[in-house]
Amino acid sequence: MPNLIVATSNPGKILEIQPYLASTLPDWQLQLKPKELEIEETGSTFVENACLKAIQVAAALGEWAIADDSGLCIEALGGAPSIYSARYAETPQACIERVLHELKGVSNRQAHFTCALAVARPDGSIALQTEGICPGEILEAPSGAGGFGYDPIFYLPDYHSSFAVMSVALKNQISHRGRAFQQLLPELVKLLGKRSP
Ligand code: ITT
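In this note's numbering, the protein residues as written are 1455 to 1651.
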């Protein structure tokens, strides 16, 4: 079986990405990026960082690779934390606390998540890239224990709940990552569906 390297170290992302790839590319072996292969995210956009991760992992291993760069953009904070979402504080819990502190007394709670996906060939060139967005609101306090990252404070008015209350399956249907995958998968099947190693 040919290998597709999932170029992430984030367990929350892996849990969400795996079902898409496993059902779409059953003839491919999904492998995680080796932990010691660290990529510096020096891009200035989600797409640039997703491409950087996919390119460097593919080129280092000589295999196909897929990468996700994502984050939360909050209107009242001028779009922050954006591409710095993972680095906004020391831990995911501290990231949430920082956002809630910065939004204390702020009535505009509009925000969106963005997810950029990039697929690189074994020679390190980009084959596919796409982006998905999911609008929502920032809660006053965390709600729910599921998901990862900022999920407990990201509220979906249409579903009357935060991402952290939803099943992975429902989150995947409506999330930024889900939307990015819905665009990517038909192209990915055309590209890799019938390919042998
Ligand atoms: P990799 O680079 O190894 O994939 P990372 O966590 O560093 O892992 P990013 O640089 O793309 O990845 O940062 C994404 C951050 O954005 C993530 O750590 C969360 O804080 C946040 N985030 C992205 N998608 C999210 C989601 O679906 N739910 C909650 N938080 C999310």
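Think of the CB as a built atom: it goes at the ideal place given N, C-alpha and C, for glycine as much as any other residue.
Can you name, in chain order, every residue of its own chain whose Cβ lies under 6 Å from the Cβ of residue i, other than the five neighbours on each side?
| i | result |
| --- | --- |
| THR1584 | LEU1571, ALA1634, GLN1637 and LEU1638 |
| GLY1600 | ALA1618 |
| ILE1587 | HIS1566, THR1568 and HIS1630 |
| ASP1605 | PHE1617 and ALA1618 |
| CYS1549 | TYR1542 and ALA1543 |
Residue i: buried (16+ other C-beta within 10 angstroms of its C-beta) or exposed?
| i | result |
| --- | --- |
| ARG1631 | buried |
| LEU1486 | exposed |
| GLN1564 | exposed |
| THR1496 | exposed |
| TYR1474 | buried |
| LEU1469 | exposed |
| SER1621 | exposed |
| THR1462 | buried |
| VAL1553 | buried |
| GLY1603 | buried |
Between residue i and the rest of its own chain, which residues show a CB-CB distance below 7 Å, the 5 nearest in sequence each way excluded?
| i | result |
| --- | --- |
| PRO1640 | none |
| SER1536 | GLY1525 and CYS1527 |
| GLU1591 | ARG1563, GLN1564, ALA1565, TYR1609 and PRO1611 |
| LEU1593 | ILE1607, TYR1609 and SER1616 |
| ALA1514 | LEU1491 |
| GLN1510 | ILE1493 |
| CYS1505 | ALA1572, ILE1580 and GLN1583 |
What residue range is occupied by the uninterrupted beta strand (DSSP E) comprising residue i?
| i | result |
| --- | --- |
| SER1621 | Neither: SER1621 is in no beta strand (DSSP E) and is coded neither H nor E. |
| PRO1589 | 1580 to 1592 |
| ASN1457 | 1457 to 1460 |
| LEU1658 | This structure does not reach residue 1658, given that the chain is present from 1455 up to 1651, and the question cannot be answered. |
| TYR1433 | No answer is possible for residue 1433: the residues shown for the chain start at 1455 and end at 1651. |
Give me whichever residues DSSP pairs with residue i in a beta bridge.
| i | result |
| --- | --- |
| GLY1525 | THR1568 |
| ILE1520 | VAL1460 and VAL1573 |
| PRO1535 | CYS1527 |
| SER1675 | Limits of the chain in this structure are 1455 at one end and 1651 at the other, which puts residue 1675 out of reach. |
Kindly say whether residue i, judged by its beta-carbon, lies nearer than 8 Å to any beta-carbon of chain D.
| i | result |
| --- | --- |
| GLY1586 | You won't find chain D in this structure, because it holds only one protein chain. |
If you follow the alpha helix (DSSP H) that residue i is part of, which residue opens it and which one closes it?
| i | result |
| --- | --- |
| LYS1467 | 1465 to 1478 |
| PRO1640 | 1630 to 1646 |
| ASN1503 | 1500 to 1515 |
| ILE1550 | 1546 to 1556 |
Who are the near neighbours of residue i in its chain, counting only those whose CB is closer than 8 Å to its CB and skipping five residues on each side?
| i | result |
| --- | --- |
| ALA1508 | ALA1461, ALA1519, ILE1520, ALA1521, ALA1572, VAL1573, ALA1574 and ILE1580 |
| ASN1626 | GLU1470, PRO1473, TYR1474, GLY1632 and PHE1635 |
| VAL1643 | THR1478 and LEU1479 |
key: Segment contact, 8 Å Cβ cut-off, at least three pairs: the stretch 1529 to 1544 with the stretch 1554 to 1561   = yes
ask   = Touch check for the stretch 1573 to 1584 and the stretch 1508 to 1526: three-plus C-beta pairs under 8 Å?
value = yes
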